[in-house]
Amino acid sequence: MSNSHLFLKSGFPRAPLQNGVGRYICQLQRITLKFCKNNGSSRGMREFIEKQLIDFAKENPGTVVYVKPRRHRTPVIVAEYLNGDREWHNCRNLSKEEITQWITLMKTQNGSSSSLRLRKMWHTDMPSIQGPWTPFTLKNPASNLVIFPNEELSKPLDVEKSATEKLIELFREQRLSEGKLEENRGN
Amino acid sequence: MSFYFKTSRLLVSRCNSIALQVPKNVRNIKRWVAPTLRELNKRSKNVSSNEEIQKRSTFIEWNYNSEVFAFGKRLQENFNLVTLQRAFVHSSFITQEENRQKQLGIENPEIMLQDNDSLITAGQRLLFDYVTAFLEHSLPKVPDEGIRAFTTYLTSISNLAVISKNLGTFDLILSDNIDDLTLANTLLALIGALHESSGDEKTYLFVRDFICTQLNQKDLYEIWEISSPFESLRSYCLQNKLAVPECRIIGETAKNTVLSAFHVGIYSKKILIGQGFGEDVETAIQTASIKALRKFYGISDNMRPFDFRIKLENKYSEKVKLNG
Numbered sequence: 004m005s006n007s008h009l010f011l012k013s014g015f016p017r018a019p020l021q022n023g024v025g026r027y028i029c030q031l032q033r034i035t036l037k038f039c040k041n042n043g044s045s046r047g048m049r050e051f052i053e054k055q056l057i058d059f060a061k062e063n064p065g066t067v068v069y070v071k072p073r074r075h076r077t078p079v080i081v082a083e084y085l086n087g088d089r090e091w092h093n094c095r096n097l098s099k100e101e102i103t104q105w106i107t108l109m110k111t112q113n114g115s116s117s118s119l120r121l122r123k124m125w126h127t128d129m130p131s132i133q134g135p136w137t138p139f140t141l142k143n144p145a146s147n148l149v150i151f152p153n154e155e156l157s158k159p160l161d162v163e164k165s166a167t168e169k170l171i172e173l174f175r176e177q178r179l180s181e182g183k184l185e186e187n188r189g190n
Numbered sequence: 003m004s005f006y007f008k009t010s011r012l013l014v015s016r017c018n019s020i021a022l023q024v025p026k027n028v029r030n031i032k033r034w035v036a037p038t039l040r041e042l043n044k045r046s047k048n049v050s051s052n053e054e055i056q057k058r059s060t061f062i063e064w065n066y067n068s069e070v071f072a073f074g075k076r077l078q079e080n081f082n083l084v085t086l087q088r089a090f091v092h093s094s095f096i097t098q099e100e101n102r103q104k105q106l107g108i109e110n111p112e113i114m115l116q117d118n119d120s121l122i123t124a125g126q127r128l129l130f131d132y133v134t135a136f137l138e139h140s141l142p143k144v145p146d147e148g149i150r151a152f153t154t155y156l157t158s159i160s161n162l163a164v165i166s167k168n169l170g171t172f173d174l175i176l177s178d179n180i181d182d183l184t185l186a187n188t189l190l191a192l193i194g195a196l197h198e199s200s201g202d203e204k205t206y207l208f209v210r211d212f213i214c215t216q217l218n219q220k221d222l223y224e225i226w227e228i229s230s231p232f233e234s235l236r237s238y239c240l241q242n243k244l245a246v247p248e249c250r251i252i253g254e255t256a257k258n259t260v261l262s263a264f265h266v267g268i269y270s271k272k273i274l275i276g277q278g279f280g281e282d283v284e285t286a287i288q289t290a291s292i293k294a295l296r297k298f299y300g301i302s303d304n305m306r307p308f309d310f311r312i313k314l315e316n317k318y319s320e321k322v323k324l325n326g
């Protein structure tokens, strides 16, 4: 989600009440279909009610369906979830198929998903499985056999080379390269 | 709340139009966002304190019988509908109705409802028995003290209230006010009602699926904190005929500084039974003892997840038996 969604409620993807660990409960508790009996914008909604609503109610006995005719108003779906969310969806000029898709979405989600900004696409209660870090974590096993005091381990880790050592190194490199040059000449 | 959403929607659309004027490569959060959110929060608090929340049952589209029927079906249970309806009626509601009728001038008010007091008592007993039996079967090595702690956690009012609310009882409860205790009691009454309608097996499965599953992915040590772990470990070793536990420092670093760390191991007959860390030796011993105890009790960090598919073996009689 982008910066323009700052005012949306934010959260993580979560299953309420360990849903599915014991048994699965459809989180849509009631759905209200509001429509007009003669306006053209409600045509798809009327078709849905005539042809599919009975089947939907039979397949989902845990969801209470209310149908509310209203004169000359836009068709609307209001879904209410078990967590107390209430989702309002405008269905103006939607076809029967589109309405079926929206209702299927509402049936399978656990709250109004479009009104939640996901901070992350995952969530865990146990961010670390290693436990807290201690100085003994990931210690090199070889250090178990060292006898202290140890000269090697007593030195600081970041001793820089002195100027003299650097000069000696440079001099050796020069000697080497000169030797190579002479070899080349000899050939 | 509705006010908040309306306002926020307006603001979102406004902030979209503002965003068009800003160069696209700027991706920080604008300086006006925080004050706006603060103001919105303040206003929403004012509104919600004045506005009384409308009960769902006062809406036109409300059919109590359908709601109760759907409630039973949602839980995939076959409730006796009369008993199920009784589970939602609290005695406070009946008293409230009687008082109202008396105020209206009816001398002998008759309310054709039965309250759920007996169901609550039955439910409480069943819940306690089934949860204890489930825990004793799943955690056979944990002592009684631990089982008691887990049972108390699972059957606490706050835990039951959350479960009850998420099962959708809130709109159906008939009571003068709905708080955590009412919600929890309704869940207990539901368990009682289910036992009356469907018997032991179904009631046990209900408790297992909705109440015991709350232990899933929980850190058991947060629920049951072992007091004086080293003494507990010593008495455990005595009881189980193990050698007396001895503590030895395995490693120490930065001694006598603020960053000191000690690594202590606990041995019983030269066998390492637990190791732990701490900022001083005492803490390290406590941590190591806890580690050792948790390993002995079978509730270590890497324990097997609970098996929530265990079924009831025999008819619930004197003691509940479970088989894996």
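Residue numbers (the numbering used here), protein chains in the order written: chain Z, 4 to 190; chain F, 3 to 326. In this text, a Cβ means the ideal position worked out from N, Cα and C, and glycines have one as well.
(request) Let me know the beta strand (DSSP E) ranges lying completely inside the stretch 204-270 of chain F, each 3 residues or longer, listed in chain order. (result) Fully enclosed beta strand (DSSP E) runs of no fewer than 3 residues occupy 248-255 and 263-270 of the stretch 204-270 of chain F, in order along the chain.
(message) Give the list of continuous alpha helix (DSSP H) stretches no shorter than 4 residues that lie fully inside the stretch 26-74 of chain Z.
(response) If only complete runs of 4 or more residues are kept, the stretch 26-74 of chain Z shows the alpha helix (DSSP H) at 46-54 and 56-62, in order along the chain.
(request) State buried or exposed for alanine 18(Z), treating a residue as buried only when at least 16 other CB atoms are found within 10 Å of its CB. (result) Taking the first sequence and counting its residues from 1, one reaches residue 18(Z) at position 15. With fewer than 16 other Cβ atoms within 10 Å, it is exposed.
(message) Pull the bridge partners of glycine 23(Z) from the DSSP assignment, please.
(response) Counted from its first residue, the first sequence places residue 23(Z) at position 20. Answer by DSSP bridge pairing: none, since glycine 23(Z) is not bridged.
(message) Strictly under 8 Å for the Cβ-Cβ distance: is isoleucine 312(F) near chain Z by that measure?
(response) As a position in the second sequence, residue 312(F) is number 310, starting the count at 1. Judged by the 8 Å Cβ criterion, isoleucine 312(F) is not in contact with chain Z.
(request) Return the residues of the stretch 200-218 of chain F that lie within a Cβ-Cβ distance of less than 7 Å from chain Z, sorted by chain order. (result) Listed in sequence order: Arg210, Asp211, Phe212, Thr215, Gln216 and Asn218.
(request) Measure the alpha-carbon distance for leucine 207(F) versus lysine 313(F) and round it to whole angstroms. (result) Mapped onto the second sequence, residue 207(F) falls at position 205. Mapped onto the second sequence, residue 313(F) falls at position 311. Looking at the two C-alpha atoms, the distance is approximately 7 Å.
(request) Starting from threonine 255(F), find everything on chain Z with Cβ-Cβ shorter than 7 Å and list it in chain order. (result) If you number the second sequence from 1, residue 255(F) lands on position 253. In chain order: Pro138.
(message) Measuring straight from C-alpha to C-alpha, what distance separates lysine 12(Z) and glutamine 21(Z)?
(response) Taking the first residue of the first sequence as 1, we reach residue 12(Z) at position 9. Taking the first residue of the first sequence as 1, we reach residue 21(Z) at position 18. In this model, lysine 12(Z) and glutamine 21(Z) are separated by some 22 Å (Cα to Cα).
(message) Buried or exposed for arginine 122(Z), going by 16 or more other Cβ atoms inside 10 Å?
(response) Position 119 of the first sequence holds residue 122(Z). Result: exposed.
(request) Closer than 7 Å by beta-carbon distance: list the chain F residues that pair up with isoleucine 106(Z), in chain order. (result) Here residue 106(Z) refers to the residue found at position 103 when the first sequence is read from its first residue. Those within 7 Å of isoleucine 106(Z) in chain F number zero; the least Cβ separation is about 16 Å.
(request) Could you please tell me which residues of the stretch 63-82 of chain F, in chain order, have their CB closer than 9 Å to any CB of chain Z? (result) Per Cβ criterion, the list reads Glu63, Trp64, Asn65, Ser68, Glu69, Phe71, Ala72, Phe73, Gly74, Lys75, Arg76, Leu77 and Gln78.
(request) Determine contact between the stretch 210-226 of chain F and the stretch 298-310 of chain F, defined as no fewer than three beta-carbon pairs at a distance below 8 Å. (result) Segments in contact, yes.
(message) Please confirm whether valine 14(F) has its beta-carbon closer than 8 Å to some beta-carbon of chain Z.
(response) One-based indexing of the second sequence puts residue 14(F) at position 12. For valine 14(F), the pLDDT reaches just 47, beneath the cut-off of 50, and the residue's location in the model is therefore unreliable, leaving the point undetermined.
(request) Could you pull out every residue in the same chain whose Cβ sits closer than 8 Å to the Cβ of isoleucine 149(F), ignoring the five residues on either side in sequence? (result) What you label residue 149(F) is simply residue 147 of the second sequence in a count that begins at 1. Listed in chain order, the non-local C-beta contacts of isoleucine 149(F) below 8 Å within the same chain comprise Thr134, Leu137, Glu138 and Leu141, local neighbours out to five positions each way being set aside.
(request) Evaluate phenylalanine 15(Z) with the Cβ neighbour count: other Cβ atoms within 10 Å of its Cβ, from every protein chain shown; 16 or more gives buried, anything less gives exposed. (result) The sequence position of residue 15(Z) within the first sequence is 12, counting from 1. By the 10 Å Cβ count, phenylalanine 15(Z) comes out exposed.
(message) Run through chain Z and tell me which residues come within less than 8 Å of valine 35(F), C-beta to C-beta.
(response) Within the second sequence, the letter at position 33 stands for residue 35(F). One finds Leu9 in chain Z with Cβ atoms closer than 8 Å to the Cβ of valine 35(F), taken in chain order.
(message) For a test of the three-state rule: what should DSSP assign to serine 139(F), helix, strand or coil?
(response) The residue you call residue 139(F) lines up with position 137 of the second sequence. The sequence shown places histidine at residue 139(F), not serine. In the displayed model, histidine 139(F) falls within a helix according to three-state DSSP.
(message) Whole angstroms are fine: how far does the CA of leucine 261(F) sit from the CA of proline 152(Z)?
(response) For the purposes of this step, residue 152(Z) is taken as the residue at position 149 of the first sequence. For the purposes of this step, residue 261(F) is taken as the residue at position 259 of the second sequence. Cα to Cα, proline 152(Z) sits roughly 22 Å from leucine 261(F).
(message) With a threshold of 8 Å between beta carbons, is isoleucine 165(F) in contact with chain Z?
(response) The residue you call residue 165(F) lines up with position 163 of the second sequence. By the rule that beta-carbons nearer than 8 Å mark a contact, isoleucine 165(F) touches chain Z.
(message) Mapping the DSSP letters down to three states, classify serine 13(Z) as helix, strand or coil.
(response) Position 10 of the first sequence, counting from 1, holds the residue named residue 13(Z). Reduced to three states, the DSSP call for serine 13(Z) is strand.
(request) Go ahead and pull the three-state DSSP assignment for leucine 314(F). (result) Stepping through the second sequence from its first residue, residue 314(F) is reached at position 312. Leucine 314(F) falls in the strand class under three-state DSSP.
(request) Give the secondary structure of tryptophan 34(F) by DSSP, where H, G and I count as helix, E and B as strand, and everything else as coil. (result) Mapped onto the second sequence, residue 34(F) falls at position 32. In this structure, tryptophan 34(F) counts as coil in the three-state DSSP scheme.
(message) Quick check: what's the CA-CA separation for glutamate 99(F) versus glutamate 63(F)?
(response) Mapped onto the second sequence, residue 99(F) falls at position 97. Mapped onto the second sequence, residue 63(F) falls at position 61. Approximately 23 Å, taken between the alpha carbons.
(request) State yes or no: is the C-beta of valine 70(Z) within less than 8 Å of the C-beta of isoleucine 57(Z)? (result) The count along the first sequence starts at 1 and reaches residue 70(Z) at position 67. The count along the first sequence starts at 1 and reaches residue 57(Z) at position 54. For the 8 Å CB-CB criterion, valine 70(Z) and isoleucine 57(Z) do not form a contact.
(request) Determine the direct distance from the alpha carbon of lysine 257(F) to that of glycine 276(F), and round the result to whole angstroms. (result) Within the second sequence, the letter at position 274 stands for residue 276(F). Within the second sequence, the letter at position 255 stands for residue 257(F). Answer to the nearest angstrom: the Cα atoms are 22 Å apart.
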